[in-house]
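Encoded as structure tokens, the structure appears first; notes follow it.
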Amino acid sequence: MSILLWISSQILSLQGSVHLLEQRIEERKKDLARLQQTATKLTACKSDFVDKKSLCMQPELGTTTWHGELATAFDNFRKEQLHVSYMAIPNEQMNATMGELQREMKAIEEEIAGWERTVSSLQTNIDTLFEQKREELTKE
């Protein structure tokens, strides 16, 4: 009879472990979904940002708006520095952030896969213990 108690306690212990792991998996799946939504929003923001690049070159400078040496210097600044700096945001900063998001999503996916393998292994152990319990019960 003591073997039955030991098997039952092992089953309960493993079932508790499975439950905890399943909760962690669900939490991490929610984290992953939030990161995926963030990546989608970032992609949309990047697209909008790039679409608006012409705004940093407005208004066009001419004889009716502003002209002369200062206007030419300002226009050169917009073309050579402001436009380059503006485009660095989506090309460097947003790409770097997207890369970080993708690395984090991959890490979470691997973590989930590892926990799912552990749950599967624990479930196999539980099934084996149930089979042992059935065998012990048929002996009595």
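Numbering-wise, the sequence shown is residues -16 to 123 according to my numbering. Virtual Cβ for every residue (Gly too), placed ideally from N, Cα, C. None of these values were measured; they are calculated from a predicted model.
Discussion item. Under 8 Å: do the region 82 to 89 and the region -7 to 10 share three or more Cβ pairs, one atom per stretch?
Written reply: The count of Cβ pairs closer than 8 Å, one atom from the region 82 to 89 and one from the region -7 to 10, stays below three, leaving the stretches out of contact.
Practice prompt. Go ahead and label I(-10) buried or exposed: buried means 16 or more other beta carbons lie within 10 angstroms of its beta carbon, across all protein chains shown.
Written response: buried
Item to complete: Let me know the secondary structure DSSP gives H50 once reduced to three states.
Response: coil
Item to complete: Select from T47, P73 and I95 the residue whose C-alpha is nearest the C-alpha of L3.
Response: Restricting attention to T47, P73 and I95, the CA atom closest to the CA of L3 is found in I95.
Worksheet item: Closest to I91 by CA distance: which of Q(-2), L(-13) and Q19 is it?
Response: Of the candidates Q(-2), L(-13) and Q19, the one whose C-alpha sits nearest the C-alpha of I91 is Q19.
Discussion item. Let me confirm a value: L38 is counted as buried when at least 16 other C-beta atoms fall within 10 Å, else exposed. Which label applies?
Written reply: exposed
Worksheet item: Under the three-state reduction of DSSP, which class applies to G45: helix, strand or coil?
Response: coil
Worksheet item: In chain order, what residues of the same chain lie with their CB nearer than 6 Å to the CB of A22, ignoring the 5 residues before and after it?
Response: Closer than 6 Å at Cβ, skipping near neighbours: L84.
Practice prompt. Please confirm if the region -10 to 0 is in contact with the region 98 to 112, defined as three or more CB-CB distances below 8 Å between the two stretches.
Written response: yes
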